[in-house]
Each structure stands twice: as structure tokens, then as C-alpha cells.
Amino acid sequence: MIDESIRSILTAVGENPDREGLIDTPRRVRKAYEHILGGYQISPEELLRNAIFTEDVNHMIIVRDIEIYSMCEHHMLPFFGKVHIGYISENRVYGVSKLARVADAFARRLQVQERMTQQIADTIMAPIGAEGVGVVVEAKHLCMMMRGVGKQNSVMTTSAMLGSFREDQKVRDEFLRLIGK
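Each residue of the sequence shown is one higher than the one before, starting from 1 at the first, in UniProt numbering.
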């Protein structure tokens with residue numbers, strides 16, 4: 001279905017989908033979308049369920065500068081940037097790579113940055129009963145850079161603070177300082 005739709009788009013914009021440079025474009029776009037939008041096939045909750053470990057800790061754990069690529073659901077153009085995740089949990093931790101995988105699972109969907117930020121935070125909070133979670137996402141949106149206002153250097157920042165990250169100014173300040181904000 002995607003292949004036929006891409007052929008139709010090529011024709012609608014005035015291209016010949018049968019010319020040499022475009023003949024394989026529908027297949028290539030389908031394969032690219034299968035990867036770019038592959039987050040629908042991943043359960044972020046399941047990623048975490050199998051990666052919870054008991055450790056004698058009760059301090060902030062942060063993974064910062066997680067690169068993400070996503071697709072704006074309004075224009076189906078990419079946005080890209082970095083996710084910073086912090087959490088505090090008593091005696092339970094996640095395998096470190098799983099935080100990046102959760103961010104990627106939500107990014108690889110049609111998204112708006114605001115919702116994605118909240119989804120990441122909510123997903124990390126629940127399984128270990130975290131005392132608090134902080135998520136900050138900084139991204140550049142091609143829908144804003146390539147069309148409309150055409151602002152090349154604009155960066156959108158969103159945050160979701162849960163539990164102690166929301167309620168305790170010192171915890172929030174420590175998190176923001178450690179991620180360089």
C-alpha cells in the first residue's frame with residue numbers, strides 16, 4: 001500500500017515514477033518508514049520489565065544526550081535532538097541501555113514532542129515505583145526549518161517532571177544542572 005501511495009505522490013508532484021532515478025523510490029520509502037516508524041512494534045513497558053535490578057542505591061541516576069529522530073505527526077517531517085532522563089528509585093535500577101531504548105521506541109512513531117516527553121517520563125516512573133523522574137527533550141523540527149517560518153536555528157525544549165523532580169526544587173535543580181541546563 002505504501003509503495004502505491006508513494007507512486008501516486010510522485011505523479012501528483014509532476015514526476016515520472018518510472019524514470020530511472022525514481023523506479024525504486026516507493027520501495028525505498030517503504031523500507032525507510034518501516035524503520036523510522038518501527039516504534040509501533042516495540043513495547044516500551046516490556047523493554048523495562050526485563051531490565052530491573054536490585055541495587056543498594058537511593059540517588060539520582062541520569063542518562064543524558066540520548067540522540068533521537070522522530071516524525072512530526074502534523075507534517076510527517078523529521079524532528080531530531082537529544083533526550084535527557086533522570087530518576088531516583090530506592091534499591092531498584094534499570095539497565096542503562098533500556099532508558100535509551102524507551103526514548104527510541106517513543107521517538108520512532110508519528111509524534112509531537114510534548115506528548116513524547118510525557119510518555120517517556122510516565123513509562124520510566126511506574127515499573128520501579130520511582131521516587132521521581134525528569135525528562136528533558138531538545139529538538140529541531142524540520143517542519144519549522146524547511147517550511148512555514150523557516151527558522152533554522154530554533155530548538156524546542158520540553159520537560160516532564162514527576163514525583164520528587166516536580167515537588168522538590170533541589171532535586172529538579174540538581175537534575176537540570178547535571179544535564180547542563
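Note that CB positions come from ideal geometry on N, CA and C, so glycine has one too.
Just so it is clear, the structure is predicted and the values come from calculations on it, not from any experiment.
In angstroms with no decimal places, state the Cα-to-Cα distance between residue i and residue j.
| i | j | result |
| --- | --- | --- |
| G21 | D3 | 15 Å |
| G81 | I68 | 6 Å |
| V57 | G86 | 14 Å |
| Q169 | M60 | 14 Å |
| M116 | N50 | 22 Å |
| A105 | S43 | 7 Å |
| P26 | V13 | 14 Å |
| A130 | M156 | 27 Å |
| H74 | T11 | 22 Å |
| K181 | A139 | 14 Å |
If you count every other CB in all the chains shown that lies within 10 Å of the CB of residue i, and 16 or more means buried, which is it?
| i | result |
| --- | --- |
| M144 | buried |
| S154 | exposed |
| G39 | buried |
| S8 | exposed |
Below 9 Å between beta carbons: does that hold for residue i and residue j?
| i | j | result |
| --- | --- | --- |
| I179 | V136 | yes |
| I124 | V133 | yes |
| I88 | S159 | no |
| V93 | E55 | yes |
| R108 | H35 | yes |
Provide the residue span of the alpha helix (DSSP H) that contains residue i, from first to last.
| i | result |
| --- | --- |
| E4 | I2 to A12 |
Give the range of the beta strand (DSSP E) segment to which residue i is assigned.
| i | result |
| --- | --- |
| E67 | M60 to C72 |
| E15 | Note, E15: premise wrong, no beta strand (DSSP E); not H, not E. |
| H84 | P78 to I88 |
| S159 | M156 to G163 |
| V57 | Here V57 belongs to no beta strand (DSSP E), and DSSP marks it neither H nor E. |
| E138 | G132 to H141 |
| Y94 | R92 to Y94 |
Taking 8 Å as the limit between beta carbons, can you name the residues of its chain near residue i, skipping five residues before and five after?
| i | result |
| --- | --- |
| A103 | I66, I68, V83, I85 and I120 |
| C72 | P78, F79, L110, Q111, V112, H141, L142 and C143 |
| R30 | I2, D3 and I6 |
Among residues of its own chain, excluding the 5 on either side of residue i, which ones have a beta-carbon nearer than 7 Å to its beta-carbon?
| i | result |
| --- | --- |
| Q118 | A160 |
| K98 | L47, L48 and A51 |
| Q152 | M145 |
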